[in-house]
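J.:
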Amino acid sequence: MIRLLLFIFSLGPFAAFACDADPPPIALEFLKAKHVLFGQAISKVFAKDSLTYTVKFSVEKHFKKGISLPETLTFTLPTAGEITGRYSSCDFDVTLGQRWLLYTYERKGILTFSYYGSNSKPLDSLEAIPVQEANILQLGYTIDYRNILFDRTVFTNPSAIDYVGPSPNIQLANLLLHIESKKYGLTGQFNYENFIASIDSMGNITELSIPNRRVKPTYYQVYDVQAIVWAPLKEFSFLQHDLLQALKASTGQWEPARFMGKAVNSQVHFQVHIDDKGKMTILIFY
């Protein structure tokens, strides 16, 4: 179990609660957002009970083009604990006259935005937008999710970007039933092997490898979306070779990962466990 936990930690951060999560990749939040804009808060009205307030933004620039580009947008937000006395880790406040870069989305049919777990933030001017973010925003609709390799290990909050990882449509362990652990001298001991599979948008395995954990991983990046790249092991034991060959038979038997409901290219990390009686099970991480 200790080995298992160490490997999980080495792959990347776990999903976190929304208010504690890092912002998602800019390109993905841009694609998911209904409006991406820069604007100024021109009115702010509290509800009678002061638990919420309604803020209106005058839009200075729309980054996401569409049929409807409103000149103003209004949001109803929870009032911060400094006023209500009900403090929350999700507290944030919009000040009248403040300028914001907003990534907006609909929740239960109501347009809203958040400061936590989002790239929305107060900024003094358009010129204050970080260079990398400004460059991505200028790409607009040329951002193509089909060019991205999705890797859940680098997403702190996959549900926030509407991402669901790939999953096998068959019991992968059934592909290993013909492999007898005693043939490899493993009887009476626990063993495991790590694997990384690249799954295309059709559910096919385009690459299956055993990561070489002695080599520091690198990152493959498209826009600002990263995927962890582990150098593949070049020399295999007999067991590793036979496991690889057996698992390759699962190509075409995977449900592809989905972003906003659309099939995408991805990679998935999993382990084959062999217990002291030779029984093999598979644990899929991401």
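Residue numbers (mature numbering (1 follows the signal peptide of the UniProt record, and there is no 0)): -18 to -1, 1 to 268.
We put the beta carbon where it would ideally sit given N, CA and C, even for glycine.
Only a predicted model underlies this, so the values are computations on that prediction, with no experimental measurement involved.
(1) For T135, does the count of other Cβ atoms within 10 angstroms reach 16, so buried, or fall short, so exposed?
(2) With a threshold of 16 other CB atoms inside 10 Å of the CB of residue 276, please say whether the residue is buried or exposed.
(3) In this structure, how does DSSP classify T135 when only helix, strand and coil are distinguished?
(4) For R81, verify whether its CB is less than 8 Å away from any heavy atom of the ligand GTP.
(5) My understanding is that I130 touches V207, with C-beta atoms under 8 Å, so please give their C-beta distance in whole angstroms.
(6) With burial defined as no fewer than 16 other Cβ atoms inside 10 Å of the residue's Cβ, what is the status of L51: buried or exposed?
(7) Which partner residues does R240 have in the DSSP bridge list?
(8) Taking DSSP's pairing of strands, which residues face R195 in a bridge?
(9) Tell me the DSSP secondary structure of S25 in three-state form.
(10) Counting along the chain, where does the alpha helix (DSSP H) carrying E175 start and finish?
(11) CB-CB under 6 Å to L78, same chain, minus the five flanking residues each way: which ones, in chain order?
(12) Please say whether L93 and P60 have beta carbons closer to each other than 9 Å?
(13) Where DSSP assigns a beta bridge to F74, which residues make up the other side?
(14) Label D227 either buried or exposed according to how many other C-beta atoms from any shown protein chain fall within 10 Å of its C-beta, with 16 as the threshold for buried.
(15) Between which two residues does the beta strand (DSSP E) carrying I125 extend?
(16) My understanding is that I8 touches E115, with C-beta atoms under 8 Å, so please give their C-beta distance in whole angstroms.
(17) Measure the beta-carbon distance from K46 to L108 and round it to whole angstroms, keeping in mind my assumption that it falls under 8 Å.
(18) Alpha carbon to alpha carbon, how far is Y166 from I143? Give it in angstroms, no decimals.
(19) Rounding to the nearest angstrom, what Cα-Cα distance links S248 and T188 in this structure?
(20) Cα separation between Q222 and V254?
(21) Assuming L19 and L84 are in contact, meaning their beta carbons sit under 8 Å apart, how far apart are those beta carbons, in whole angstroms?
(22) Using the C-alpha atoms, what's the distance from Y98 back to I266?
(23) Output the distance between the C-alpha atoms of S100 and A231, rounded to the nearest integer angstrom.
T.: Let me lay it out:
(1) buried
(2) In this structure the chain extends from -18 to 268, so residue 276 is not present and cannot be described.
(3) Three-state DSSP puts T135 in a helix.
(4) Among the components modelled here there is no ligand, and therefore nothing to report on the ligand GTP.
(5) 5 Å
(6) An exposed status is given to L51, since fewer than 16 other beta-carbon atoms sit within 10 Å of its beta-carbon.
(7) Per DSSP, the beta-bridge partners of R240 are V146 and A245.
(8) In DSSP, R195 forms no bridge with anything.
(9) S25 falls in the strand class under three-state DSSP.
(10) Where E175 is concerned, there is no enclosing alpha helix (DSSP H), although the beta strand (DSSP E) it sits in stretches over N173 to I181.
(11) A23 and K26
(12) Not closer than 9 Å, so no.
(13) In the DSSP output, where bridge partners are listed per residue, F74 has none listed.
(14) This sequence places Gln at residue 227; Asp is not what is there. Result: exposed.
(15) Looking at the DSSP string, I125 is not in any beta strand (DSSP E), and its letter there is neither H nor E.
(16) Contact flag correct, Cβ pair sits at about 5 Å.
(17) Incorrect: roughly 15 Å between the Cβ atoms, too far for contact.
(18) 44 Å
(19) Using only the alpha carbons, I get a separation of about 10 Å.
(20) 10 Å
(21) 5 Å
(22) 29 Å
(23) 40 Å
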